[in-house]
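Undergrad:
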Amino acid sequence: MTNQIPPAASRLERILAYMVAGVVGLSILAFLAVILGTAAGAGADNGFGQGVWPAVLALPLFGLPLGFVLIIVLMVLSGMRRAREARQNKE
Numbered sequence: 181m182t183n184q185i186p187p188a189a190s191r192l193e194r195i196l197a198y199m200v201a202g203v204v205g206l207s208i209l210a211f212l213a214v215i216l217g218t219a220a221g222a223g224a225d226n227g228f229g230q231g232v233w234p235a236v237l238a239l240p241l242f243g244l245p246l247g248f249v250l251i252i253v254l255m256v257l258s259g260m261r262r263a264r265e266a267r268q269n270k271e
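Just so you know, we're using our numbering here: the sequence shown kicks off at 181 and counts up by one.
1. Using the rule of at least 16 other Cβ atoms within 10 Å of the residue's Cβ for burial, across every protein chain shown, is Gly221 buried or exposed?
2. What residue does the alpha helix (DSSP H) around Phe228 start on, and which one ends it?
3. Jot down the residue ranges of each uninterrupted alpha helix (DSSP H) in the segment 197-271, minimum 4 residues, whole runs only, in chain order.
4. Below 8 Å on the Cβ atoms is my guess for Leu257 versus Leu192; work out the distance and round it to an integer in Å.
5. Would you check if the distance between the CB atom of Val200 and the CB atom of Gly243 is smaller than 8 Å?
6. Using a 10 Å radius around the Cβ and a threshold of 16 neighbouring Cβ atoms, would you call Phe241 buried or exposed?
7. Looking only at C-alpha atoms, which of Ser190, Ala197, Ala188 and Ala189 sits nearest to Ile252?
8. Rounded to whole angstroms, what's the CA-CA distance from Leu206 to Leu250? Just pull it up for me.
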């Protein structure tokens, strides 16, 4: 019986995975904060233009596309690693 142990992901792949989780998670939390802030009345009379709100409003605008790009990079790196391993096992 062969022992099929999946190879561990590289350090770069783990870092990218944690970056995706962090950026997308923080963007979703910022999105929920805007929803809750609007429900609480923070948006009235330009309330979102002061304090920390401009950064909270901008975070999903940049974080979600960045997360998407990081996911694509992670998929490409993972595919390249798997192709290299398949080529080595074939020989």
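Ideal Cβ positions, reconstructed from N, Cα and C, are used throughout, including at glycine. These figures come from a predicted structure and were not determined experimentally.
TA: Let me lay it out:
1. Here residue 221 corresponds to residue number 41 of the sequence shown, with the count starting at 1. So Gly221 ends up on the exposed side.
2. Here residue 228 refers to the residue found at position 48 of the sequence shown. Unbroken run through Phe228: none, as it is neither H nor E.
3. 233-270
4. Counted from its first residue, the sequence shown places residue 257 at position 77. Counted from its first residue, the sequence shown places residue 192 at position 12. Going by Cβ atoms, the distance from Leu257 to Leu192 rounds to 7 Å, so yes, they are a contact pair.
5. On the sequence shown, residue 200 is found 20 positions in, with the first residue counted as 1. On the sequence shown, residue 243 is found 63 positions in, with the first residue counted as 1. Contact: no.
6. On the sequence shown, position 61 is the one that residue 241 refers to. According to the sequence provided, residue 241 is Leu. The question's Phe does not apply to it. Exposed, since its Cβ has fewer than 16 Cβ neighbours within 10 Å.
7. Locating residue 252 in the sequence shown gives position 72, where the first residue counts as 1. Ranking Ser190, Ala197, Ala188 and Ala189 by Cα distance to Ile252 puts Ala197 first.
8. Counting from one through the sequence shown, the residue named residue 206 turns up at place 26. Counting from one through the sequence shown, the residue named residue 250 turns up at place 70. So the alpha carbons of these two residues sit roughly 15 Å apart.
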